[in-house]
Amino acid sequence: MLEKQDTHTHILADLRDQTQQNFTILDTKYGRIADTMERLIDEMRNERKDSRVMMENLIEVIIRLAESKK
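Residue numbers (this note's numbering): 2 to 71.
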């Protein structure tokens, strides 16, 4: 009877250890994913900002060109 209890105790301890390791790995992977997503979002914001600036510059050039043709 004690042997079964010892076996079950070891099995449960191993399960606990494996579960803790898996959660540690999951936390690490989630952290990497979150960091990557944050960088992607920042890059997209910068690209959108650059796009707006280019659009504004293009509009200004078109307006100046139209005014010079009058």
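Yeah, the Cβ is synthetic: ideal placement off N, Cα and C, and Gly gets one too. Keep in mind it's a predicted model, so treat the numbers as computed, not measured.
Item                                                                                        : Value
Under the three-state reduction of DSSP, which class applies to K30: helix, strand or coil? : helix
What would DSSP say about M2, mapped onto helix, strand or coil?                            : coil
DSSP three-state call for K50: helix, strand or coil?                                       : helix
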